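Single-structure report; data block below.
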Amino acid sequence: MLSDNIKQMSWLDSLNSEQLLAVKTTEGPVLVLSGAGTGKTRVLTSRFAYIVLTELAKSQNVLAVTFTKKATQEMRDRILLMINTKDEQLWVGTFHSICHRILRQHARCIGLNNDFAIYDTNDQLRLIKQIIKEKKFDFKESKSALEMIQLLKDRNITPKMYEEIANSIEDIASLYHSYQNHLNILNACDFGDLLLHCITIFKNYQDILNEYQNQFQYILVDEYQDTNLAQNEWLNLLASKHRNICCVGDDDQSIYSWRGAEITNILNFNKNYPETKIVYLEKNYRSTKDIINVAADLIDNNTQRHPKRMQLGKSTDEISAIVDIYQLRDESEEANFVVNKIEAIKKTTKLNELAILVRVRYQIYKFEEKLKKANISYKIFGGLSFYDHQEILDALAYLRVVLNPDDDRAFERIVNVPSREVGTVTMRKIRTIAYNQNISLVNAARQLNKPSQLKSLLLDFDRWHSLISIISNAELLKKILGESKYLAMWYRKNSEERLKNLKKLIKNIDNSGDNIKAFLERIPPSMNDKLHEIDNDKEYLNIMTLHGAKGLEFDVVFLPGWEEGKVPLIRDNNLEEERRLAYVGLTRARKKVYISYSKYKYVYNDYECIQLSNQPSRFIKELPSESCRITRR
DNA sequence: GGGAGAGGGCTTTTT
DNA sequence: GCCCTCTCCC
Numbered sequence: 012m013l014s015d016n017i018k019q020m021s022w023l024d025s026l027n028s029e030q031l032l033a034v035k036t037t038e039g040p041v042l043v044l045s046g047a048g049t050g051k052t053r054v055l056t057s058r059f060a061y062i063v064l065t066e067l068a069k070s071q072n073v074l075a076v077t078f079t080k081k082a083t084q085e086m087r088d089r090i091l092l093m094i095n096t097k098d099e100q101l102w103v104g105t106f107h108s109i110c111h112r113i114l115r116q117h118a119r120c121i122g123l124n125n126d127f128a129i130y131d132t133n134d135q136l137r138l139i140k141q142i143i144k145e146k147k148f149d150f151k152e153s154k155s156a157l158e159m160i161q162l163l164k165d166r167n168i169t170p171k172m173y174e175e176i177a178n179s180i181e182d183i184a185s186l187y188h189s190y191q192n193h194l195n196i197l198n199a200c201d202f203g204d205l206l207l208h209c210i211t212i213f214k215n216y217q218d219i220l221n222e223y224q225n226q227f228q229y230i231l232v233d234e235y236q237d238t239n240l241a242q243n244e245w246l247n248l249l250a251s252k253h254r255n256i257c258c259v260g261d262d263d264q265s266i267y268s269w270r271g272a273e274i275t276n277i278l279n280f281n282k283n284y285p286e287t288k289i290v291y292l293e294k295n296y297r298s299t300k301d302i303i304n305v306a307a308d309l310i311d312n313n314t315q316r317h318p319k320r321m322q323l324g325k326s327t328d329e330i331s332a333i334v335d336i337y338q339l340r341d342e343s344e345e346a347n348f349v350v351n352k353i354e355a356i357k358k359t360t361k362l363n364e365l366a367i368l369v370r371v372r373y374q375i376y377k378f379e380e381k382l383k384k385a386n387i388s389y390k391i392f393g394g395l396s397f398y399d400h401q402e403i404l405d406a407l408a409y410l411r412v413v414l415n416p417d418d419d420r421a422f423e424r425i426v427n428v429p430s431r432e433v434g435t436v437t438m439r440k441i442r443t444i445a446y447n448q449n450i451s452l453v454n455a456a457r458q459l460n461k462p463s464q465l466k467s468l469l470l471d472f473d474r475w476h477s478l479i480s481i482i483s484n485a486e487l488l489k490k491i492l493g494e495s496k497y498l499a500m501w502y503r504k505n506s507e508e509r510l511k512n513l514k515k516l517i518k519n520i521d522n523s524g525d526n527i528k529a530f531l532e533r534i535p536p537s538m539n540d541k542l543h544e545i546d547n548d549k550e551y552l553n554i555m556t557l558h559g560a561k562g563l564e565f566d567v568v569f570l571p572g573w574e575e576g577k578v579p580l581i582r583d584n585n586l587e588e589e590r591r592l593a594y595v596g597l598t599r600a601r602k603k604v605y606i607s608y609s610k611y612k613y614v615y616n617d618y619e620c621i622q623l624s625n626q627p628s629r630f631i632k633e634l635p636s637e638s639c640r641i642t643r644r
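Take the position in the first sequence, starting the count at 1, then add 11; the result is the number in our numbering.
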């Protein structure tokens, strides 16, 4: 059995010696410092599979934690392939989902019922506003009040603890206190609570802590540099028995301090666990020589880091291109320059392999304008989670099915929303007909006589379809949502928030000026609903923030706006984190980087438009001259 | 009081 | 570009 398993591990052969060391050093605390493009994910999944296949532990005795659902999904899929099972019970998940799973078992320990609700940001904000009003607190900014409470939770500080360390008459302490009371009364918790409650249970119930400590003989942590104090405490509690904790991360890519991430977790890990073995993954298999050289020199200016240096991992016969830095007149010229370059490059490289990475979201606007003019399709990532909402996805599904009756996925989504007596039995019938005759679900449904509500929905589809481009898009959507009784469903449920969002969607569609098809295509991809898979064959230029680009890679990367004040963004003076952000941007590129900045900016005062000079980013001076070239226009 | 429209200000985002 | 706030009008 064991020898069979070892044969299965042929993927070990493809790892380099450092990666192999990171995989095979299973006992005791291990810190894997994994630079950009050094095969971090491979090490993590290989290590999980190695532990299971060498029978050091059963798969349910290994815990792997990540930050995003996407990372979890990727990791889980790869691990399942490697250990060749379909075990759905793996303990691979986000910090929040694992805590959630634990909390559902033991909610009563902290005074919640097992069916407690989880508040999202909207719910939180609504509650905060309500409390501020109720208690007549003097907070203008409910949002920043919520952010402060969240940061306290990230630091593992309960209302009680905060009242002790802060001035007790301080309003935020009092607000935090009543916010938490309200949550408890509502049988609810927020995202931060998932962790805090879990920690509280671990601390107050030794038997429960023991149970999980015994279960998780091996712990793997992804993106360790992004953990906050609460997450670190949670990990320490779980790992303190077996001490087989392996944290993988890159201190040079720690860019989420404003979200509570503590770079000191990764910097001090080996001090907290003195027996730690550190493995350095420094061979970068992503980028060319010059890009690596530029990025490594830049990040070397930081003082708060584990000393190390990223190295070229690829064979050297690959042609390396210098990092090009361009000075343009102003923002508009800069956007023109980037778009012109893209037009030239797209003749030889797929648009999907190009990316514009900005520091702040409003930089995107200038590029959009020029890209539209040049007729280059682009996709803006991240930002709004608006399109993740259930009601928005439903509404869009209605639009999709009306536009294109063959859209089976959209049809499945809304055929019984609101309820039209189309349950699993009817759907099974429809699917069978569709499958046998190789037709779409809508066409299959037409062959049924019952239920009558379905029949009338199908007639509605036809009627709405005939109205496309006769009435405005907004009118059409309004009509569809009204006549399908979809709006009525939410009215009945008294869901103001959802109705508000639907209104916003109608407004968006109204302002877009697109035809419906174009509108639907412009909708950003979503993790809940894999809309982007539909257009997988279509080519888009990628546009996103530097934060949003972490973990991704492209052939060619544009880094605009490298001016003092923007890159680095001057606000709370966290210069080293800004440098890390620039480093993240540079290391996204496989083949070529274009940095650009503008010489002038325009500022409006009450009467006129004033021209001011920009200073080029101080980071540009920190780049090695042998690997880059500055061009002034 | 609330809905609509205009204008100013703007980190960064996941669960 | 978007969001929030302010104002105006019903």
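Beta carbons are placed, not taken as given, at the ideal position from N, Cα and C, and that holds for glycine.
All of these numbers come straight from a predicted model, not from anything done at the bench.
Cα atoms of Lys549 and Glu486: separation of roughly 29 Å, rounded to the nearest angstrom. Closest by C-alpha distance to Ser638, out of Ala307, His253 and Ala75, is Ala307. Distances from the alpha-carbon of Asn198 to those of Ile230, Cys120 and Thr169 put Cys120 closest. Collapsing the DSSP output to three states places Glu152 in coil. In this structure the region 513 to 522 touches the region 476 to 490; the number of beta carbon pairs closer than 8 Å is three or more.
Where Val232 is concerned, the enclosing beta strand (DSSP E) starts and stops at Tyr229 to Val232. The continuous alpha helix (DSSP H) containing Thr435 extends over residues Thr435 to Gln448. The Cβ-Cβ distance between Pro429 and Ser451 does not fall below 8 Å. In chain order, Lys377, Ser609 and Lys612 place their CB closer than 7 Å to the CB of Glu342, counting only its own chain and leaving out the 5 sequence neighbours on each side. Phe530 has its alpha-carbon roughly 14 Å from the corresponding atom of Lys515. Around the CB of Pro318, fewer than 16 other CB atoms lie within 10 Å, so the residue is classed as exposed. Following the DSSP letters along the chain, one finds Phe348 inside the alpha helix (DSSP H) bounded by residues Glu342 to Ile356.
Separation of Lys577 and Leu23 (C-alpha to C-alpha, rounded to the nearest whole angstrom) is 44 Å. Proximity to Thr105 across Ile641, Ile129 and Leu74 peaks at Leu74, based on C-alpha coordinates. Within the same chain, Arg431 and Glu432 come within 7 Å of Gln464 by CB-CB distance, once the 5 residues on both sides are set aside. Here the alpha carbon of Val371 sits roughly 26 Å from the alpha carbon of Phe202.
Beta-carbon to beta-carbon, Ala33 and Val54 are separated by about 5 Å, close enough to satisfy the 8 Å threshold. Around the beta carbon of Gly493, a 10 Å sphere encloses fewer than 16 other beta carbons of the protein chains shown; the residue is thus reported as exposed. Your pair Asp261 and Ala47 checks out as a contact, with CB atoms roughly 7 Å apart and the cut at 8 Å. DSSP, reduced to helix, strand and coil, places Ile387 outside both helices and strands of the structure shown, so it counts as coil. Cβ-Cβ distances below 6 Å link Asn276 to Thr238 and Asn243 in the same chain, with the five nearest sequence neighbours on each side left out; the list follows chain order. Within the model, the alpha-carbon separation for Leu414 versus Tyr284 is close to 59 Å.
Assignment of Asn584 by DSSP, reduced to helix, strand and coil, places it in the coil class.
The C-alpha of Lys35 is placed about 16 Å away from the C-alpha of Lys18.
Per DSSP, reduced to three states, the secondary structure at Ala272 is strand.
Taking the C-beta atoms as reference points, Leu292 is found nearer than 8 Å to Leu44.
Taking the Cα of Glu158 as reference, the smallest distance to any Cα among Pro635, Trp501, Glu380 and Gly271 is reached at Gly271. For the options Ile113, Ser265, Lys51 and Leu339, the alpha carbon positioned closest to that of Glu85 is the one of Lys51.
In this chain, Ser28 is not harboured by any beta strand (DSSP E); it is covered by the alpha helix (DSSP H) spanning Ser28 to Lys35. For Leu470, the enclosing alpha helix (DSSP H) begins and ends at Ser463 to Leu478. Contact check for Ile441 and Leu468: beta-carbon distance about 12 Å, past the 8 Å limit, so the pair fails to qualify. Cβ-Cβ distances below 7 Å link Ala177 to Ala184 in the same chain, with the five nearest sequence neighbours on each side left out; the list follows chain order. Residue pairing of Leu552 in beta bridges, as defined by DSSP: Tyr389. Per DSSP, reduced to three states, the secondary structure at Leu563 is coil, with no helix or strand assignment. Per DSSP, Phe78 has no beta-bridge partner at all. If only uninterrupted beta strand (DSSP E) runs of at least 3 residues are considered, those enclosed by the region 70 to 125 are 73 to 77 and 102 to 105.
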